[in-house]
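Heads up: the structure comes next, in structure tokens.
There are 2 protein chains.
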Amino acid sequence: LIEMKNIVKDYRMGGATVHALRRVDVSIDDGEFVSIVGPSGSGKSTLMNLIGCLDRPSSGEYHLDGRKVDELPDDDLARIRNKRLGFVFQTFNLLPRTSCLRNVELPLLYSNVPRKTREAKAREMLERVGLKDRVDHNPSELSGGERQRVAIARALVNEPTIVLADEPTGNLDSKTGSEIMSIFESLNAEGKTIVLVTHEKYIADYSKRMIYLRDGMVVTPEEGTLR
Amino acid sequence: LIEMKNIVKDYRMGGATVHALRRVDVSIDDGEFVSIVGPSGSGKSTLMNLIGCLDRPSSGEYHLDGRKVDELPDDDLARIRNKRLGFVFQTFNLLPRTSCLRNVELPLLYSNVPRKTREAKAREMLERVGLKDRVDHNPSELSGGERQRVAIARALVNEPTIVLADEPTGNLDSKTGSEIMSIFESLNAEGKTIVLVTHEKYIADYSKRMIYLRDGMVVTPEEGTLR
Ligand SMILES: Nc1ncnc2c1ncn2[C@@H]1O[C@H](COP(=O)(O)OP(=O)(O)OP(=O)(O)O)[C@@H](O)[C@H]1O
Ligand SMILES: Nc1ncnc2c1ncn2[C@@H]1O[C@H](COP(=O)(O)OP(=O)(O)OP(=O)(O)O)[C@@H](O)[C@H]1O
Ligand SMILES: [Mg+2]
Ligand SMILES: [Mg+2]
């Protein structure tokens, strides 16, 4: 489903270059539940952005469901993202001046879902992540973990077949974190593909396989670290 | 040092009221190392904002180092914050269009520290949190955990006597997280007071006492939960 070969991602900054990913191969099958782990700055979010078609590699090949995506025009990438991918960002990226409800409805707007259905689906998703009593709050009127859960609800509302979640429980106590992981488990049981970035072992333990990153490279489990 | 009695914090939203803190008593001595733990939405950040004089309670009393702060004018609060408190925000709150270095220098600017000294101290703090090679990056050019570490560096650069850190390791792998905790431990060994909010047990274990919150109230350890 996800096939990456020789992926390189460089960030150029004036004279210096940051080698965020240095020749990485990633292969994820349909329906897998995978964790990406590694130290801060090792390239996890960069890799997630590439998998999620939010950015392009500096070089290398990326086939998503058989299609070569690294050279597709932006419109095609946007369409793929909207139809197939659900992305939970490490820094949430919510619209600050609009309610949770509207924030969660956003992907459905792009999919041309009728207003009544959009609202019903958004409410259902917010209830599922435990935020039934917060639907009218703006993100600035929410706790950190509540914002994180709005970002999760938004990623799932369009029923994506591939869920990419970057540190989805970084701001959640273990009970709330486990509730979120049950949602991911049931999606995986329905056949959805789940790719998580996490630094918490109890979260990584929900997945069936781990990809270890260090300094922009994939390393073996012995070289990788997770408490 | 920190003495709170009968603290209530309500957020009014149109017709509804959110009771974020409902009659909370908190007592923290000089030089203590305390963790505040509890579920998402239980009032931890709200409590931290009150302790840090960033907000006022709806009712109740707060004495900081013997002074009744809940009724002080804003200027006095700003002065106390700058001289004594270092605050690591759950959502970092960095200036997006300015370098890490300038972000970390900011508290020193308010303290009228001369330019050369400001830059030297900011560089030293960034090196201490492992970001020597990232000083010229803007926050948008950093990983999530790197941004978190810039927020930590900024909180510590003015050598505060009270450090308030809200989920300081939420985006950090356990090795980087432990490095940050060693910094807090050595500050505590020098006599600084440390108050942490965390949901991770290995982080809470660095502190000597835990305050458990649930639904805006302090509860006993048996009622509180931490994995
Ligand atoms: N400005 C606001 N207006 C209305 N309600 C608010 C506001 N800020 C916070 N709240 C609500 O107050 C409650 C407590 O928020 P707080 O941020 O203190 O929780 P928390 O314990 O830090 O949670 P988390 O672990 O998720 O960060 C939450 O339920 C939140 O929705
Ligand atoms: N826009 C950018 N310009 C320059 N360097 C960048 C940019 N974005 C990220 N980087 C650098 O690339 C490296 C990898 O970043 P990435 O966000 O992928 O790390 P990460 O593994 O997700 O880290 P964390 O666990 O801290 O979130 C980091 O060292 C970071 O400083
Ligand atoms: Mg990241
Ligand atoms: Mg909080």
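In order, the protein sequences belong to chains A and B. Just remember that the working numbering sits 2 ahead of the position in the first sequence, which is counted from 1. Just remember that the working numbering sits 2 ahead of the position in the second sequence, which is counted from 1. Using N, Cα and C, we set each Cβ at its ideal position, and we do this for glycine too.
From this set, A/L74, A/S209 and A/E224, which residue's C-alpha is nearest A/I30's C-alpha?
Per the Cα distances, A/S209.
Would you call the CB atoms of A/V165 and A/G88 closer than 8 Å?
Closer than 8 Å, so yes.
Under 8 Å Cβ-Cβ, which residues of chain A neighbour B/M219?
Those do not exist, as B/M219 stays about 15 Å from chain A at its closest Cβ, beyond 8 Å.
Is the beta carbon of A/K177 within less than 7 Å of some heavy atom of ligand 4?
No, ligand 4 has no heavy atom inside 7 Å of this Cβ.
Please list the residues of the stretch 41-68 of chain B that have a C-beta atom closer than 9 Å to any C-beta atom in chain A, keeping them in chain order.
Answer in chain order: P41, S42, G43, S44, G45, K46, S47 and T48.
If you measure from the beta carbon of A/G33 to each beta carbon in chain B, is any gap under 8 Å?
So no, A/G33 is outside the interface.
Find the residues of chain B that neighbour A/S232, judging by a C-beta separation of less than 7 Å, and give them in chain order.
Any question about residue 232 of chain A goes unanswered here, given that chain A covers just 3 to 229.
How about the stretch 91-103 of chain B and the stretch 62-81 of chain B: do they share at least three Cβ pairs that are nearer than 8 Å?
Flag = no, the stretch 91-103 of chain B and the stretch 62-81 of chain B do not touch.
Between A/V90 and A/D168, which are expected to be in contact by the criterion C-beta below 8 Å, what is the C-beta distance as a whole number of angstroms?
Between A/D168 and A/V90 the Cβ distance is about 6 Å, and since that is below 8 Å, they are a contact.
Between B/G17 and chain A, is the shortest Cβ-Cβ distance under 8 Å, so that the two count as touching?
Closer than 8 Å: no.
Any residue with its Cβ nearer than 5 Å to a heavy atom of ligand 2 should be included. What is that list in chain order?
Answer in sequence order: A/Y13, A/V20, A/A22, A/S42, A/G43, A/S44, A/G45, A/K46, A/S47, A/T48, B/E143, B/L144, B/S145, B/G146 and B/G147.
Using C-beta distances below 6 Å, list every residue in its chain close to A/D138, excluding the 5 sequence neighbours before and after it, in chain order.
Cβ within range, chain order: S101.
Determine the closest residue to A/E143 out of B/E187, B/K194 and B/G45, with distance taken between C-alpha atoms.
It is B/G45.
Once DSSP output is grouped into helix, strand and coil, what is the label at A/G146?
A/G146: helix per DSSP, three-state reduction.
Taking B/Y13 as the query, report the chain A residues whose CB atoms sit under 8 Å from its CB, ordered along the chain.
The answer, in chain order, is E143.
State the Cα-Cα distance for the pair B/V131 and B/D217, rounded to the nearest angstrom.
Going by the C-alpha atoms only, they are around 34 Å apart.
Between the C-alpha atoms of B/V199 and B/L23, what's the straight-line distance to the nearest angstrom?
Approximately 15 Å between the Cα atoms of the pair.
Mind checking whether the beta-carbon of B/M15 lies closer than 7 Å to any heavy atom of ligand 1?
Correct: B/M15 has its Cβ closer than 7 Å to ligand 1.
For the beta strand (DSSP E) that contains A/N8, what are its first and last residues?
It spans I4 to M15 - the beta strand (DSSP E) in which A/N8 sits, taken as one unbroken run.
Would you please verify whether the beta carbon of A/E187 is less than 8 Å from any beta carbon of chain B?
It does not: the Cβ of A/E187 has no partner Cβ on chain B nearer than 8 Å.
Who are the near neighbours of A/T163 in its chain, counting only those whose CB is closer than 7 Å to its CB and skipping five residues on each side?
Closer than 7 Å at the Cβ level, and outside the excluded window around A/T163, lie R86, K194 and T195.
Who does A/E269 pair with in a DSSP beta bridge?
The question about residue 269 of chain A has no answer, for chain A in this structure spans 3 to 229.
When you compare the CB positions of A/L174 and B/S47, do they come within less than 8 Å of one another, or not?
Contact: no.
Give me the Cβ distance between A/V36 and A/I205, rounded to the nearest whole Å; I'm assuming they're in contact under 8 Å.
Not a contact, Cβ separation roughly 12 Å.
When you compare only the Cα positions, how much space is there between B/R156 and A/P109?
Spanning the two alpha carbons is a distance of roughly 36 Å.
Any chance you could list the alpha helix (DSSP H) runs of at least 4 consecutive residues sitting entirely within the stretch 146-196 of chain A, in chain order?
The qualifying runs are 146-158 and 176-191.
Roughly how many angstroms separate the alpha carbons of B/G33 and B/L52, rounded to a whole number?
Their backbone Cα atoms lie some 19 Å apart in a straight line.
If the cut-off is 8 Å on Cβ atoms, which residues from the stretch 151-169 of chain B count as contacting chain A, listed in chain order?
Listed by position along the chain: R151, D168 and E169.
Is any non-hydrogen atom of ligand 4 found closer than 7 Å to the C-beta of A/Q150, if you look at the structure I gave you?
A/Q150 Cβ: outside cutoff for every heavy atom of ligand 4.
From A/K177, A/L128, A/L49 and A/L66, pick the residue whose C-alpha is nearest to that of A/V159; which is it?
For the residues A/K177, A/L128, A/L49 and A/L66, the minimum Cα distance to A/V159 belongs to A/L128.
Below 8 Å on C-beta distance, what does B/N173 contact in chain A?
Neighbours of B/N173 on chain A, chain order: S42, Q92, E169, G172 and H201.
Between A/E148 and chain B, is any beta-carbon pair separated by less than 8 Å?
Yes, its Cβ sits closer than 8 Å to a Cβ of chain B.
Beta carbon of B/D217: closer than 7 Å to some heavy atom of ligand 4?
Not so, every heavy atom of ligand 4 lies at least 7 Å from the Cβ.
Would you list the residues sitting across from A/V20 in a DSSP beta bridge?
A/Y13, per the DSSP bridge assignment.
Please report the straight-line C-alpha distance between B/S145 and B/A18, rounded to a whole angstrom.
Straight-line Cα distance between these residues: approximately 38 Å.
B/N140 and B/Y112 - do their beta-carbons sit closer together than 8 Å?
Their beta carbons are not under 8 Å apart, which means B/Y112 does not touch B/N140 by this criterion.
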